[in-house]
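Participant: This is the structure, below, for whatever I ask next.
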Amino acid sequence: SVKQELDQADTESGTGTGSKAGATGPSAREILDRLAPGIDGATHPRDLSEGQKLALVLAIQLSAAPRVLLLDEPTRGLDYRAKTQLIAMVDELAAEGRSVVVSTHDVEFAARAADRVVVL
3 SVKQELDQAD
13 TESGTGTGSK
23 AGATGPSARE
33 ILDRLAPGID
43 GATHPRDLSE
53 GQKLALVLAI
63 QLSAAPRVLL
73 LDEPTRGLDY
83 RAKTQLIAMV
93 DELAAEGRSV
103 VVSTHDVEFA
113 ARAADRVVVL
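Quick note, the sequence shown lines up with residues 3 to 122 if you use the numbering used here.
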């Protein structure tokens, strides 16, 4: 279920309920609710829309608060609201000193989220 996936991510990253003492940062559920609110925890991930699946994967990965984050087409299937939330999260990570590298065809996302752009 979505809840099991989120709980496992929190356990592995040390965030959220049941996390390691002193852990900081948002839980995977909190991140998912920012990107795609209203997803029922009892839902099986295969029953989610493509955008919801991507939001779930992003929430799981972002909950680990990696020092370097590599994202390949992170806006594929996201609605405008979720894309705006993802931009805010990328900005927050960068402000914390984390490196974020994105491969995307989404020119609008690149223009709004990037400090530097390399066109291939």
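Here a beta-carbon is modelled for each residue, glycine too, at the ideal position from N, C-alpha and C.
Would you mind sorting residue 12 into buried or exposed? The rule is 16 or more other CB atoms within 10 Å of its CB.
Facilitator: buried
Participant: Could you please give the first and the last residue of the uninterrupted alpha helix (DSSP H) stretch that includes residue 9?
Facilitator: 4 to 15
Participant: Out of 70, 99, 80 and 71, point me to the one whose CA is closest to residue 55's CA.
Facilitator: The shortest C-alpha separation from residue 55 is found at 80.
Participant: Just verifying my parser: in three-state terms, what is the DSSP assignment at residue 92?
Facilitator: helix
Participant: So residue 8 and residue 61 are supposed to be a Cβ contact under 8 Å. How far apart are they, rounded?
Facilitator: 7 Å
Participant: Starting from the Cα of residue 108, find the closest Cα among 86, 95 and 45 and give me that residue.
Facilitator: 86
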